[in-house]
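Visitor:
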Amino acid sequence: MTQTQEALTKSCCTADKTTTDKMVDKTTEEVLNPRVDISETNEALILTVDLPGVAEEDVDITLHKQVLTIEAKKMECRHEGVNPYYVEHSAGLYQRRFKLTEEVDRDGIDATLKDGVLRLTLPKAQAEVAQKIKVMTA
38 MTQTQEALTK SCCTADKTTT DKMVDKTTEE VLNPRVDISE TNEALILTVD LPGVAEEDVD
98 ITLHKQVLTI EAKKMECRHE GVNPYYVEHS AGLYQRRFKL TEEVDRDGID ATLKDGVLRL
158 TLPKAQAEVA QKIKVMTA
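Count the sequence shown with the numbering used here and you get residues 38 to 175, in order.
(1) Flag this pair as touching only if the region 105–113 and the region 165–175 have three or more C-beta atom pairs under 8 angstroms; answer yes or no.
(2) Let me check one thing: in DSSP terms, what residues is S76 bridge-paired to?
(3) Taking the beta carbon of Y123 as the centre, do at least 16 other beta carbons fall within 10 Å, making it buried, or is it exposed?
(4) As a quick exercise: from R72, Y131, G90, pick the residue whose alpha carbon is nearest that of R115.
(5) Once DSSP output is grouped into helix, strand and coil, what is the label at R134?
(6) At what residue ranges does the region 110–158 contain a whole run of the beta strand (DSSP E), taking only runs of 3 or more?
(7) Does the beta-carbon of Q4 have 16 or more other beta-carbons within 10 angstroms, so that it is buried, or is it exposed?
(8) Quick check on V141: buried or exposed, where buried means 16 or more other Cβ atoms within 10 Å of its Cβ?
(9) In whole angstroms, what is the alpha-carbon distance linking E94 and G153?
(10) Taking the alpha-carbon positions, what's the E125 to E67 distance?
(11) Per the DSSP calculation, K102 is bridged to which residue(s)?
(12) Answer yes or no: the CB of A92 versus the heavy atoms of the ligand GDP, is any distance below 6 angstroms?
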């Protein structure tokens with residue numbers, strides 16, 4: 038397992054209490070922890086995030102310092118003329134955070150949403166080449 042894979046796997050977490058309290062009125066919304074699969078190719082890490090019932094305009098992905106945050110707002114689904122009897126599809130805020138390592142090219146991150154599945158491609162950064170420093174006589 039690479040350093041990035043290990044960091045992503047260990048750092049899957051929801052926001053801390055102070056951040057969550059600022060974003061969500063706990064009396065009306067629930068913070069949901071979406072399921073995430075992490076896979077790897079030779080060129081990138083792929084995060085596949087389940088966001089059922091979320092529209093593209095309700096997804097917010099930010100990268101601040103080393104923390105990649107995925108937030109998505111799921112609206113309550115109401116059908117006119119129908120009274121809910123039993124509901125398992127709750128409205129709320131999806132939220133996941135991942136700490137990235139230097140192995141990820143932050144400028145190349147790409148995201149697509151299709152059929153309730155968010156796919157993030159995190160390209161691997163080019164390996165740094167050691168630089169030789171010439172010593173001169175003073």
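A virtual CB, placed ideally from N, CA and C, is assigned to each residue, including glycine.
Computed from a predicted structure; not experimentally measured.
Guide: Walking through what the data contain:
(1) no
(2) I83
(3) exposed
(4) G90
(5) strand
(6) 129–136, 147–151
(7) A query on residue 4 cannot be resolved here, the shown segment of the chain reaching from 38 to 175 and no further.
(8) Label assigned to V141: buried.
(9) Computed Cα separation, rounded: 12 angstroms.
(10) 13 angstroms
(11) Per DSSP, none; premise fails for K102.
(12) The model depicted lacks the ligand GDP and carries no ligand whatsoever.
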